[in-house]
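Visitor: One structure coming up, written as structure tokens, with questions to follow.
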Amino acid sequence: MSAERWPPLHREVFPTTHSLATTIRWSTLASTASTFESPVAPRTGQRRTLLFRVGSTVYGCDIDDIREIVPFRAATRLPGAPSYVHGLINLRGTIVTVVDLGARLEATRERVAGEGSIMLVSMPGSTRVVGVAVQEVMDVRVVGSARDDVIADSAGNDAVRGLAHVDGGTVILLDIHSLVRHVLHS
209 MSAERWPPLH
219 REVFPTTHSL
229 ATTIRWSTLA
239 STASTFESPV
249 APRTGQRRTL
259 LFRVGSTVYG
269 CDIDDIREIV
279 PFRAATRLPG
289 APSYVHGLIN
299 LRGTIVTVVD
309 LGARLEATRE
319 RVAGEGSIML
329 VSMPGSTRVV
339 GVAVQEVMDV
349 RVVGSARDDV
359 IADSAGNDAV
369 RGLAHVDGGT
379 VILLDIHSLV
389 RHVLHS
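Numbering (our numbering), first residue to last: 209 to 394.
Printed below as a string of structure tokens:
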């Protein structure tokens, strides 16, 4: 019997000009997690963190909070929606609200377009999916809670988990569910 995984991993390859070489589907993430030994050691508090860029700032969130990553696409703008809401997209028959993370965090005035990506977040206990538009999805890294990794906790902001050192730079760690929950209730 072959050691191949069923169902097979599906990846759509995009032109090399796109910042993300492949679409990462939820089935791919789930299959990968059960097929390969995870680099995460839960005993030590380490997490697999998805790194992404908005403006010149690098952010990170728990990879398990992200259902799927798709290339940025134009959204239908909603009259009266807050400025940080791009609008709605139809993704394989599911209507998804897309939020511009840079505008939401007031990190940049530059709107995500063209080469950006949309990270799809499933809300726990709900069938609702929200898209978070970012300028670039960069990498997945293991970020621990060791003293030299996590520098600080957030000061009263439940959307920010803290700061971490990754490759000599600083990454702002976000609780993406908390951030999206605030958007849905505003």
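Heads up, the beta-carbon is just placed ideally off N, CA and C, and yes, glycines get one too. Because the structure is a prediction, the values reported are computed rather than measured.
Contact check, Val337 vs Arg275 under 8 angstroms by CB: the rounded distance?
Guide: Residue mapping note: residue 337 aligns to position 129 of the sequence shown, counting from 1. Residue mapping note: residue 275 aligns to position 67 of the sequence shown, counting from 1. Right, the Cβ-Cβ distance comes to about 7 angstroms (below 8 angstroms), so this counts as a contact.
Visitor: Could you compute how far the alpha carbon of Pro332 sits from the alpha carbon of Gly339?
Guide: Position 124 of the sequence shown, counted from the first residue, corresponds to residue 332. Position 131 of the sequence shown, counted from the first residue, corresponds to residue 339. Looking at the two C-alpha atoms, the distance is approximately 15 angstroms.
Visitor: Spatial neighbours of Val329 within its chain, please: C-beta separation below 8 angstroms, excluding the five flanking residues on both sides.
Guide: On the sequence shown, residue 329 is found 121 positions in, with the first residue counted as 1. For Val329, where only same-chain residues beyond five positions count, the Cβ hits under 8 angstroms are Asp273, Ile274, Arg275, Val337, Val338, Gly339, Val340, Ile384, His385 and Val388.
Visitor: Going along the chain, which residues of its own chain have a beta-carbon closer than 7 angstroms to the beta-carbon of Ile303, five neighbours each way excluded?
Guide: Position 95 of the sequence shown holds residue 303. The residues are Leu296.
Visitor: Quick one: using the 10 Å Cβ neighbour count with 16 as the cut-off for buried, is Ala283 buried or exposed?
Guide: Reading the sequence shown from its first residue, position 75 is the one you call residue 283. Buried, because 16 or more other Cβ atoms sit within 10 Å of the Cβ of Ala283.
Visitor: Secondary structure at Ser352, three-state DSSP: helix, strand or coil?
Guide: Taking the sequence shown and counting its residues from 1, one reaches residue 352 at position 144. Checking the sequence, you will find Gly at residue 352 rather than Ser. Of the three classes helix, strand and coil, the one that applies to Gly352 here is coil, per DSSP.
Visitor: Mapping DSSP to helix, strand and coil, what is Gly310?
Guide: Locating residue 310 in the sequence shown gives position 102, where the first residue counts as 1. Three-state DSSP puts Gly310 in a helix.
Visitor: Taking the CB atoms as reference points, tell me whether Val374 and Leu299 lie closer together than 8 angstroms.
Guide: For the purposes of this step, residue 374 is taken as residue 166 along the sequence shown, with counting starting at 1. For the purposes of this step, residue 299 is taken as residue 91 along the sequence shown, with counting starting at 1. No, Cβ-Cβ distance for Val374 and Leu299 is not below 8 angstroms.
Visitor: Check whether the Cβ atoms of Val342 and Arg256 lie closer than 8 angstroms to each other.
Guide: To locate residue 342, count along the sequence shown from 1; it is residue 134. To locate residue 256, count along the sequence shown from 1; it is residue 48. Between Val342 and Arg256, the C-beta spacing is not below 8 angstroms.
Visitor: Any idea if Leu286 is buried or exposed, counting beta-carbon neighbours within 10 angstroms, 16 or more meaning buried?
Guide: Here residue 286 refers to the residue found at position 78 of the sequence shown. Burial call: exposed.
Visitor: Taking DSSP as the reference, what is the three-state secondary structure of Ser387?
Guide: Here residue 387 corresponds to residue number 179 of the sequence shown, with the count starting at 1. According to the sequence shown, residue 387 is Leu rather than Ser. In the structure shown, Leu387 sits in a helix (DSSP, three-state: H, G or I).
Visitor: Looking only at C-alpha atoms, which of Val306, Thr378 and Asp366 sits nearest to Pro279?
Guide: Translated into positions along the sequence shown, residue 279 becomes position 71. Residue Val306 is the option with its Cα nearest to Pro279.
Visitor: Please report the straight-line C-alpha distance between Asp366 and Val379, rounded to a whole angstrom.
Guide: For the purposes of this step, residue 366 is taken as residue 158 along the sequence shown, with counting starting at 1. For the purposes of this step, residue 379 is taken as residue 171 along the sequence shown, with counting starting at 1. The alpha-carbon atoms of Asp366 and Val379 are separated by roughly 16 angstroms.
Visitor: Using DSSP with H/G/I as helix, E/B as strand and the rest coil, what is Arg219?
Guide: Walking along the sequence shown from the start, residue 219 turns up at place 11. Per-residue confidence for Arg219 stands at a pLDDT of 39, beneath the threshold of 50, marking its modelled position as unreliable; no derived number is given.
Visitor: Specify the secondary structure class of Asp366 as computed by DSSP and reduced to three states.
Guide: Walking along the sequence shown from the start, residue 366 turns up at place 158. In this structure, Asp366 counts as coil in the three-state DSSP scheme.
Visitor: Just reading off the beta strand (DSSP E) that Thr257 is part of, what are its end residues?
Guide: Along the sequence shown, read from residue 1 onward, the residue named residue 257 stands at position 49. Element bounds for Thr257: Arg255 to Val262.
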